[in-house]
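Report on the following structure.
Protein chains: 4
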Amino acid sequence: MCGFVAIIGSPQAAAEVHMGLRALQHRGQDSAGIAEFDQRFRVHRGLGMVPTAIDAATLALFESSRAVIGHVRYPTRGSGHIEDAQPFLANPPGIILAHNGNLTNVEELAQKLADKSFRMLSYCDAEPLLGTLASKMLAARPFAHRTQDLITAVKELLGEVRGGYTAVCGMQLDGKPTLAVFRDPKGLRPCTIGRRGNAWMAASESVALDPLTFEEHFTPKPGELVILREGEEPQRFELHNLGHTPCIFEKIYFARPDANMAGRSVYEGRMAFGRTLADEFSEKGLEGDVVIPIPDTSRPAAQAFAEHLGIPYREGFIKNRYSGRTFIMPDAATRARALRLKLNPIRSVFKDKRVILFDDSIVRGATIARISEMVRDLDATEIHLAIHSPPVANPCFYGIDMSTVAELFAARFMHQGYPGKAGLRAAEKEMAKALKIDSLTYLSVEGLDQAWGGPRCAACFDGKYPAEIRAEDRLAIAADRRKAADRNTSETQF
Amino acid sequence: MCGFVAIIGSPQAAAEVHMGLRALQHRGQDSAGIAEFDQRFRVHRGLGMVPTAIDAATLALFESSRAVIGHVRYPTRGSGHIEDAQPFLANPPGIILAHNGNLTNVEELAQKLADKSFRMLSYCDAEPLLGTLASKMLAARPFAHRTQDLITAVKELLGEVRGGYTAVCGMQLDGKPTLAVFRDPKGLRPCTIGRRGNAWMAASESVALDPLTFEEHFTPKPGELVILREGEEPQRFELHNLGHTPCIFEKIYFARPDANMAGRSVYEGRMAFGRTLADEFSEKGLEGDVVIPIPDTSRPAAQAFAEHLGIPYREGFIKNRYSGRTFIMPDAATRARALRLKLNPIRSVFKDKRVILFDDSIVRGATIARISEMVRDLDATEIHLAIHSPPVANPCFYGIDMSTVAELFAARFMHQGYPGKAGLRAAEKEMAKALKIDSLTYLSVEGLDQAWGGPRCAACFDGKYPAEIRAEDRLAIAADRRKAADRNTSETQF
Amino acid sequence: MCGFVAIIGSPQAAAEVHMGLRALQHRGQDSAGIAEFDQRFRVHRGLGMVPTAIDAATLALFESSRAVIGHVRYPTRGSGHIEDAQPFLANPPGIILAHNGNLTNVEELAQKLADKSFRMLSYCDAEPLLGTLASKMLAARPFAHRTQDLITAVKELLGEVRGGYTAVCGMQLDGKPTLAVFRDPKGLRPCTIGRRGNAWMAASESVALDPLTFEEHFTPKPGELVILREGEEPQRFELHNLGHTPCIFEKIYFARPDANMAGRSVYEGRMAFGRTLADEFSEKGLEGDVVIPIPDTSRPAAQAFAEHLGIPYREGFIKNRYSGRTFIMPDAATRARALRLKLNPIRSVFKDKRVILFDDSIVRGATIARISEMVRDLDATEIHLAIHSPPVANPCFYGIDMSTVAELFAARFMHQGYPGKAGLRAAEKEMAKALKIDSLTYLSVEGLDQAWGGPRCAACFDGKYPAEIRAEDRLAIAADRRKAADRNTSETQF
Amino acid sequence: MCGFVAIIGSPQAAAEVHMGLRALQHRGQDSAGIAEFDQRFRVHRGLGMVPTAIDAATLALFESSRAVIGHVRYPTRGSGHIEDAQPFLANPPGIILAHNGNLTNVEELAQKLADKSFRMLSYCDAEPLLGTLASKMLAARPFAHRTQDLITAVKELLGEVRGGYTAVCGMQLDGKPTLAVFRDPKGLRPCTIGRRGNAWMAASESVALDPLTFEEHFTPKPGELVILREGEEPQRFELHNLGHTPCIFEKIYFARPDANMAGRSVYEGRMAFGRTLADEFSEKGLEGDVVIPIPDTSRPAAQAFAEHLGIPYREGFIKNRYSGRTFIMPDAATRARALRLKLNPIRSVFKDKRVILFDDSIVRGATIARISEMVRDLDATEIHLAIHSPPVANPCFYGIDMSTVAELFAARFMHQGYPGKAGLRAAEKEMAKALKIDSLTYLSVEGLDQAWGGPRCAACFDGKYPAEIRAEDRLAIAADRRKAADRNTSETQF
């Protein structure tokens with residue numbers, strides 16, 4: 053996950069990057085960082101949400117810079133320690149980098165860099181990405197830090213670094229502050245470029261552009277390098293395009309509904325998921341009296357679903373706006389109560405009704421199991437569950453933290469890739485039984501493609517990984533995740 | 053505003069009070085406090101949200117207590133400094149007190165107490181309330197700290213202390229830890245009493261009971277004193293009941309939708325407001341293509357409104373879940389952008405539509421003005437505004453912070469109390485003009501009473517104050533608010 | 053130990069109290085507090101040294117007050133938690149109190165107060181002292197908070213509260229801010245009153261007066277109550293004088309050398325101890341080549357000792373000015389090294405010399421044992437140890453933290469009180485053997501009295517306790533100390 | 053100033069470096085840092101004293117490293133911000149560096165590095181030193197990070213980097229953790245190398261070795277590079293020795309008295325300064341009744357001075373052990389009092405005496421002026437001032453922060469270098485008059501050389517700068533100091 057914001061050419065670049073990061077806070081709440089690469093270079097990183105990690109006094113240090121990069125981090129790889137926060141700096145040759153995504157050959161890259169005396173200071177995969185780029189830049193002869201050297205370096209890098217990633221880099225190139233953006237050859241992770249007069253902005257989602265009145269200008273292609281400078285037109289270099297397969301899960305869950313992705317509205321997409329699911333729900337012959345979204349993500353799709361079926365839509369769960377991750381709970385009994393602290397039901401909405409619970413996806417299944425249990429006590433006559441995405445049965449290696457296969461709810465019922473629509477309907481019966489509810493309906497992969505057309509990575513649903521993942525990569529990633537899990541056993545997903 | 057939680061008779065009273073406070077966090081985010089009155093007395097108060105103000109190490113100090121009071125504070129009177137946080141302790145005679153509400157004769161009470169050598173350490177009105185109670189307890193002869201002395205003391209107090217308040221007090225009475233709850237003679241501020249086996253709980257809203265599996269037991273009457281002890285039935289003393297007029301604004305805006313108030317569901321109430329307003333909207337001959345709530349409070353009413361009129365309901369604004377109060381913004385231009393950081397519109401929902409914006413209330417009007425301006429840029433063909441409460445034209449003296457008359461939006465158009473439904477319709481035209489929108493429709497006071505029947509305080513709408521407010525009280529309160537405003541000029545309402 | 057500073061009648065009372073507390077920082081480094089009792093009452097307490105415990109922002113809150121009390125705390129009784137920091141407030145009736153000393157009948161007092169509903173919030177003995185005073189003030193009839201009531205209350209209190217204590221109290225009396233100071237009937241703990249124009253100051257040592265240009269005015273008598281108000285002459289009431297026996301250990305170790313105590317210079321006193329000890333050292337037929345003080349306290353006496361004997365004086369140990377209490381030490385070997393981090397010897401000063409180490413006193417003996425061991429490795433030909441006080445063989449119950457008898461070094465060699473000079477000389481031989489040094493010479497009690505004449509409490513040396521200590525008091529104190537020791541096992545004395 | 057500690061080959065390297073830094077705390081209190089370069093590289097820096105800047109939790113992160121560098125910083129160049137704290141890391145090629153001293157051609161170096169894309173992140177001159185080294189290492193062909201490359205790089209560096217500096221560097225060389233130490237060609241700043249079994253330690257002063265039981269092994273020569281590895285003998289390379297002129301001011305003031313410098317005891321040196329000054333004092337025909345040191349530095353010399361003249365030595369000033377740098381003082385009057393808070397006189401020592409005040413040096417003269425004024429009020433019959441070093445009349449460019457010429461006390465009276473002993477005696481009369489005292493006697497430069505023989509840098513006294521300082525260097529340094537002074541106007545020297 054993670055999110056980045058970069059601005060070049062604005063007199064208030066730092067304050068605006070700070071605002072942009074707040075618009076992307078949903079992409080990562082563990083740490084945040086900011087860096088400048090204009091007159092001077094400076095990096096600051098802190099733990100916590102944006103206002104905590106980058107406080108007013110810190111932000112003031114950056115106020116004279118017109119070229120700033122910021123990042124919010126959700127720890128896919130790395131431990132959530134301050135040292136794993138982004139951006140990173142390689143000095144020499146003076147390159148700042150932040151990225152969104154996940155590399156799948158970190159060990160291999162780190163090994164190569166050790167020979168070149170680039171030291172890893174963290175467990176964050178932004179470091180091998182930066183180290184690879186920095187080494188190539190330093191190796192350029194004559195050593196002059198030219199645009200051409202960067203093009204050569206990134207071209208090589210795209211052939212060596214595997215995984216899904218969009219990186220923003222700040223440096224002085226040809227003597228000018230330069231913002232460089234590049235995407236992996238499959239364009240797995242999102243990116244948008246905006247313009248406001250002479251200033252340019254790159255961000256993980258368009259929602260960071262909106263409050264700053266940057267207009268969406270274009271979406272970089274897979275394997276493309278974009279060079280942005282104040283007052284100049286973007287220079288675009290398509291270096292290693294292997295065909296665009298953007299992550300579909302961004303549209304289902306991760307991106308904000310008000311975002312546009314490659315020109316399409318996520319909100320409208322979710323409405324389409326809801327309508328298509330409504331058709332599949334009806335095809336199964338199912339009915340209900342009320343549609344109740346599990347907040348917040350599923351609202352637009354649930355609304356469209358209800359409207360399409362002509363069933364009332366009710367906000368039967370109230371989500372506590374103030375509940376954060378950390379609970380102080382003395383024992384298991386109290387911990388069990390914590391769900392109601394986060395999500396309190398309104399009994400009258402459920403009572404004596406055939407209830408259709410509606411959610412965006414099921415990953416580990418712990419929360420939906422607890423919610424189902426809670427709803428059973430509310431005197432609903434039937435409980436149906438509708439999910440506006442297909443079953444998550446395969447791990448993501450490109451930047452979405454979905455745990456290992458062993459932990460995935462759907463993987464317990466569907467062993468070998470996506471079984472087709474009919475196979476799905478069969479599996480749903482077993483799943484509903486496990487959850488002790490009357491029915492469960494996922495959106496089929498067919499329905500997904502009908503609702504949001506075009507090429508996409510849906511590996512978590514269909515097990516087809518568009519960017520190469522070698523066997524050794526899988527092993528290394530699995531080992532990493534076990535370590536990270538050990539470090540974070542106290543955290544529970546709700 | 054403010055909220056309290058008190059538990060007696062649970063082995064995990066402190067941890068549960070902490071969870072209860074988190075369920076009531078919406079009632080106050082400036083400070084929080086906790087106190088025990090079992091084997092030993094201890095008070096802790098801190099600034100910020102509950103997890104910050106009362107951290108795990110602090111909470112651990114209270115872990116052996118079975119009798120605990122907690123409080124979250126929104127600074128109605130007082131400065132937001134730590135010294136103004138609740139609960140307070142008077143020692144001797146050993147009484148802990150927290151309350152929700154606002155006293156209207158603070159100066160008079162403070163004057164009386166000075167003669168008795170009770171020193172005010174803060175600007176919080178909980179202190180004169182506590183000082184009055186403590187003085188009366190200390191004056192009892194023989195001095196023995198008996199239940200009877202408390203009854204006498206509270207009875208006198210209810211005749212002397214003016215305003216709206218519900219207080220929870222912890223003390224040793226007849227040698228036992230005792231939780232005492234009392235309400236002002238008009239029952240203006242909410243309170244509910246819950247039971248779980250031998251344990252008792254008192255809270256500002258029922259939503260604090262739910263996650264802790266306390267069952268709602270009863271709602272204390274106006275002017276009633278309730279005495280709660282572990283394993284004993286409640287003792288109830290109706291000491292000074294002047295007729296119940298509970299605050300209607302709790303139902304419109306302040307309480308959580310999943311709360312019950314005096315046995316009625318706030319959620320259902322809001323749905324009723326929405327339906328009644330739909331009728332009034334139609335009566336005016338108005339029409340629209342889409343109903344768009346301004347999140348979060350107005351959702352249930354907007355949903356009912358849309359359904360009642362058969363118009364599509366769309367979540368056209370996305371609220372940033374992570375935006376807090378504090379923004380770091382370098383200049384006015386950036387500050388203007390901050391609204392979109394908190395509330396970003398989805399253009400496609402508005403474009404070429406006759407839009408009905410829907411909100412719960414208008415207080416100062418600054419936010420709705422800015423939202424209207426933003427919507428005008430989204431290519432809607434018409435903008436209509438529907439508000440599911442009547443115009444706020446009079447200040448609240450009983451605990452809701454609504455600023456002075458001068459700052460109230462509606463007061464600029466409606467000078468002398470509520471003008472009746474016809475007068476309201478006339479005023480709405482002027483207001484719509486001021487906001488540069490096509491129409492504005494409030495719920496009439498008549499409609500309000502139709503939707504949520506029974507006696508109530510609606511002074512902010514109709515100017516009729518059920519609990520006496522003397523002229524000198526008004527002057528003192530106004531002076532106080534000016535001082536508080538001076539202290540808080542940097543904060544802006546969105 | 054502990055120290056207090058109080059000022060009434062200065063426009064900068066708080067800033068000056070803060071400076072005074074810094075001058076008394078040697079009397080307590082665990083916590084500090086400040087309180088005002090002029091227009092308003094306010095108390096602030098914090099952990100750590102004065103600048104940390106009372107920072108600039110906090111101090112600014114007190115800036116308009118002309119009547120302020122401050123305190124630095126060394127935890128004799130109590131746990132070193134913030135709740136044990138002084139000053140304390142009883143409200144009602146509005147009395148602030150801080151004290152220096154130790155009560156010996158805390159349990160008895162606490163029991164009495166529980167009947168009066170005064171709740172102990174801490175383990176600090178200032179609370180029962182304050183509670184006793186507050187209860188008596190509240191019981192006065194008519195209740196009018198008059199000077200006469202205070203006189204009566206303190207007179208009763210002096211008969212009930214046992215131990216050594218000097219207390220400063222702030223309150224409104226006869227409608228005026230009033231600073232009251234009272235001492236226990238034996239005057240065990242120090243106190244001095246200073247004047248500067250219309251302003252008055254009370255402090256534990258005169259060194260707090262010096263930087264603020266207050267002139268020493270008088271020393272209150274044992275059992276005396278002094279009432280100080282801005283612009284008025286002190287009112288003095290001798291209520292319960294049982295004969296002055298001030299603590300001699302203040303002069304030996306605890307007070308700063310630049311202090312005056314009851315008109316006599318501590319520095320000159322220490323010089324006298326050194327000269328008298330020189331005579332006793334010679335009488336034993338001992339000789340040496342160099343006198344080396346163990347810094348810092350023993351310097352003046354060591355200088356006088358060397359000069360008197362005509363032996364060179366050398367600063368052979370360099371004390372690290374920056375070493376605080378807390379060391380981060382991974383294992384025992386490293387911990388052993390910590391002594392040299394605090395106290396590093398200069399080898400050339402010791403080499404081939406008959407060395408006379410010089411210190412003020414030996415309490416538990418752990419440090420001197422380690423120093424002796426260190427010196428043995430420095431190639432001195434002989435090691436003699438001279439101590440400018442008699443052996444500490446009995447615990448102090450009046451406010452000096454000297455641990456239990458079991459832990460006292462001297463008590464292992466001298467069981468029943470002071471054995472007379474001859475007995476002392478005999479015991480010294482055993483002690484020197486235990487320390488593996490050539491000789492040990494204490495100042496005899498006879499020498500002590502010769503050097504600093506007049507009545508005194510020297511109970512730690514001679515076992516004669518001037519203020520009554522009942523058997524039950526001893527038991528309660530011993531229990532307390534065990535508890536405190538449990539809480540503090542990680543701290544080591546150097 | 054500043055101080056460093058580095059250890060390689062100890063299983064507790066980090067904890068021991070931490071202890072070593074505490075022994076060197078007197079060399080810098082503004083910030084501290086620690087870095088490891090064993091299995092992994094990690095740097096931590098913090099503001100404040102060692103225990104604050106590097107707390108226990110931070111230290112624990114380094115616990116598995118056997119190769120650690122630490123630093124305490126006094127801000128000669130740079131602003132006292134965290135970014136200026138040392139050590140620094142260049143990555144690639146993975147070099148950690150800390151140093152003690154001052155470079156005089158920072159601008160020139162920074163300019164050269166900009167061409168190589170090494171970015172300065174701070175105002176600290178450790179960065180250009182590190183950048184120069186890193187650039188040279190990266191330029192080695194073949195790139196293999198070999199010992200030979202380091203030798204070449206340091207040899208070149210010593211010819212390019214001007215000023216006084218001792219640097220410690222950590223890196224992986226020939227595949228092994230390697231600690232490298234090098235000194236400027238004149239050996240201006242101190243350094244000592246210690247051994248404990250297989251482990252090696254480098255430190256600014258020997259006092260850091262003592263508590264860790266490292267034995268002094270050797271002192272690196274000017275322009276020497278020393279390579280230290282666990283279990284190997286040191287490799288020493290004399291690369292650029294221009295003749296040793298170590299800083300004499302270290303012996304006078306800066307070093308701890310228990311330190312050895314190049315095999316000689318600082319303590320004995322200070323005694324010699326005192327005796328020589330005694331002779332010069334007598335030659336002038338001056339007499340006195342008592343010698344009173346101004347603590348702490350001048351004690352050993354004052355003691356020798358008094359003994360040599362047969363005059364009593366008295367500790368007439370008591371220094372507050374707890375006064376730090378920061379005072380909270382409301383106005384000028386209070387600020388004036390602050391001196392007595394730091395340094396309180398004992399009146400009886402001064403009264404009716406011909407007093408000889410004794411100090412180590414006079415820099416700006418503000419403190420001695422205030423002390424003289426204070427002593428005049430103490431009824432001394434005469435005031436003589438003896439200073440155990442010559443007049444400081446020239447700025448230091450090699451690492452001692454002595455302000456600009458304009459601020460130096462002596463420079464107001466002695467314009468062109470050192471005027472010889474006779475000239476000095478004449479100038480002293482004017483100085484004494486300015487201070488309103490009876491006489492002032494400095495140690496002459498001749499006396500200085502007699503007391504501590506051998507070559508030395510005494511540029512601050514005689515204006516002869518042994519290491520080249522170009523005109524442009526002087527200008528750049530002066531500009532820097534003005535900037536730093538602007539940043540620090542609020543701090544006053546006592």
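Protein chains in written order, with our numbering: chain U, 53 to 546; chain F, 53 to 546; chain P, 53 to 546; chain B, 53 to 546.
C-beta atoms are modelled at their ideal positions from N, C-alpha and C, and glycine is treated no differently.
| Query | Result |
| --- | --- |
| At a Cβ threshold of 7 Å, is arginine 351 of chain B touching chain P? | yes |
| Just the Cα atoms here: how many angstroms apart are glutamine 224 of chain U and leucine 181 of chain B? | 22 Å |
| Find the nearest neighbour of valine 444 of chain U within the set U:Ala390, U:Ile363, U:Met466, judged by alpha-carbon distance. | U:Met466 |
| Quick one: grab the DSSP three-state call for threonine 378 of chain U. | The pLDDT assigned to threonine 378 of chain U is 45, lower than 50, so where the model puts this residue is not dependable; a value taken from the coordinates is nonetheless given after this. If DSSP states are grouped into helix, strand and coil, threonine 378 of chain U belongs with coil. |
| Are the beta-carbon atoms belonging to alanine 137 of chain B and phenylalanine 89 of chain B less than 7 Å from one another? | no |
| Let me check one thing: in DSSP terms, what residues is methionine 223 of chain F bridge-paired to? | F:Ile147, F:Thr230 |
| Spatial neighbours of glycine 469 of chain P within its chain, please: C-beta separation below 7 Å, excluding the five flanking residues on both sides. | Asp514, Gly515 |
| For alanine 251 of chain P, I'd like the list of residues in its chain whose CB is within less than 6 Å of its CB, leaving aside the five on either flank, ordered along the chain. | Gly61, Ser62 |
| Could you check whether the stretch 365 to 376 of chain B touches the stretch 389 to 407 of chain B, counting it as contact only if at least three pairs of C-beta atoms, one from each stretch, sit closer than 8 Å? | yes |
| Would you please verify whether the beta carbon of glutamate 257 of chain U is less than 7 Å from any beta carbon of chain F? | no |
| With H, G and I counted as helix, E and B as strand and the rest as coil, what does DSSP make of alanine 119 of chain P? | strand |
| Hey, could you find the ends of the beta strand (DSSP E) glutamate 267 of chain B is sitting in? | 267 to 270 |
| With a threshold of 7 Å between beta-carbons, can isoleucine 398 of chain U be considered close to chain F, or not? | yes |
| Are the C-beta atoms of proline 144 of chain B and some chain U residue less than 7 Å apart? | yes |
| What residues in the stretch 169 to 190 of chain P bring their beta carbon closer than 9 Å to a beta carbon of chain B? | none |
| For glutamate 543 of chain F, does the three-state DSSP call read helix, strand or coil? | Only weak support is given to the placement of glutamate 543 of chain F: the predicted model assigns it a pLDDT of 33, under 50, and the value that follows is read from those uncertain coordinates. Three-state DSSP puts glutamate 543 of chain F in coil, outside helix and strand. |
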